[in-house]
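Okay, structure first, notes after.
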Amino acid sequence: MTTPSERLAALGLELPPVAAPVAAYVPATASGSLVMTSGQLPSVAGNLVATGKVGAEVTPEQATDAARTAGLNALAAAASVAGGLDRIARIVKATVFVASAPDFTGQPQVANGASQLFVEVFGEAGQHVRSAVGVSVLPLDAPVEVELTVESA
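With this note's numbering as the guide, the letters of the sequence shown map in order to residues 1104 to 1256.
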């Protein structure tokens, strides 16, 4: 049986450093066996991979990729509190916010970028409940933001 860390490596990915907060909050915190993350943006090395509204400046495909990146950042934040990626027993809930043009209605497909990553890394334990929410704007003009609730082992 492979571990989440091994599956992540097989995907050619590694957990990035936890993103520094852009305001007065912490990236993740625990309550009992649950770890909740703050909303994580799609950044790599401190730079957003895209900016703007999905359905206007950002294509749905770019947004789906950005959701995957934000999901990876959320895993890093959760793992930092859980004691490592392999200490995450399951993904409980994901909330994906999508900065949307007024006529864009494909938020669930964009959110799949993060959701599919969680299943690829955790298998059945990566299946989760989810909300995909269209919003008018996100911090730093990011196209997506992902927050997680996970159960730690």
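Ideal placement from N, C-alpha and C gives every residue a C-beta, glycine not left out.
Whole-number beta carbon distance between residue j and residue i, since they are thought to touch under 8 Å
i, j, result
"A1166", "V1240", "So it is not a contact: roughly 14 Å between Cβ atoms."
"A1179", "V1121", "5 Å"
"A1256", "A1204", "About 41 Å separates the two Cβ atoms, so there is no contact after all."
"V1238", "V1201", "7 Å"
Closest by C-alpha distance to residue i, when choosing among the options
i, options, result
"L1111", "R1171, Q1143, G1237 and G1142", "R1171"
"V1125", "N1150, R1233 and E1254", "N1150"
"A1123", "G1216, S1146 and R1193", "S1146"
"K1156", "L1251, L1188, V1249 and A1245", "A1245"
"E1117", "V1224, L1251 and P1242", "V1224"
"L1114", "L1175, E1164 and R1233", "L1175"
Residue i and residue j closer than 7 Å at C-beta
i, j, result
"A1235", "Q1219", "no"
"Q1230", "A1177", "no"
"V1195", "V1253", "yes"
"A1217", "V1199", "yes"
"L1188", "S1108", "yes"
"V1249", "A1173", "yes"
Endpoints, the alpha helix (DSSP H) within which residue i is located
i, result
"T1167", "P1163 to A1185"
"S1134", "Where S1134 is concerned, there is no enclosing alpha helix (DSSP H), although the beta strand (DSSP E) it sits in stretches over A1131 to S1134."
"L1220", "Q1210 to F1225"
Residue range of the unbroken beta strand (DSSP E) whose run includes residue i
i, result
"G1237", "V1232 to V1238"
Would the region 1123–1139 and the region 1176–1187 be scored as touching if the rule is three or more Cβ pairs under 8 Å?
Yes: at least three Cβ pairs fall under 8 Å.
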